[in-house]
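See structure below.
Numbering (the numbering used here), first residue to last: 481 to 553.
Structure below.
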């Protein structure tokens, strides 16, 4: 990831990498999407590429879109 992550984004990514509970992961992914910016987008893209499950991947794709729109505001 190219740029310095804000402390909040860095914490969310750290939490996502430490948990295996899907409900908690999705809450973290949604928070990353709301934060917007390049680092959340890159992280969500990485997770989507590693995901083979259809519904989970579809959700990640929607969140990537949300993160990219949040970056524009």
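Here a beta-carbon is modelled for each residue, glycine too, at the ideal position from N, C-alpha and C. Keep in mind the model is a prediction, meaning the values are calculated, not measured.
Residue i in three-state terms, based on DSSP
i	result
residue 485	coil
residue 550	helix
residue 545	helix
residue 533	coil
residue 501	coil
Residue i burial status per 10 Å Cβ neighbour count (16 or more: buried)
i	result
residue 490	exposed
residue 538	exposed
residue 521	buried
residue 533	exposed
CA-to-CA distance, residue j to residue i, given in whole angstroms
i	j	result
residue 548	residue 518	8 Å
residue 503	residue 530	18 Å
Proximity below 7 Å, CB of residue i to CB of residue j
i	j	result
residue 540	residue 528	yes
residue 513	residue 543	yes
Contact test: residue i Cβ vs the ligand HEM heavy atom, cutoff 6 Å
i	result
residue 485	By its list of ligands, the structure shown contains no ligand whatsoever, and the ligand HEM lies outside what it can speak to.
Contact belief for residue i with residue j at Cβ below 8 Å, rounded distance in angstroms
i	j	result
residue 501	residue 523	Rounded, the Cβ-Cβ distance is 18 Å, inconsistent with contact.
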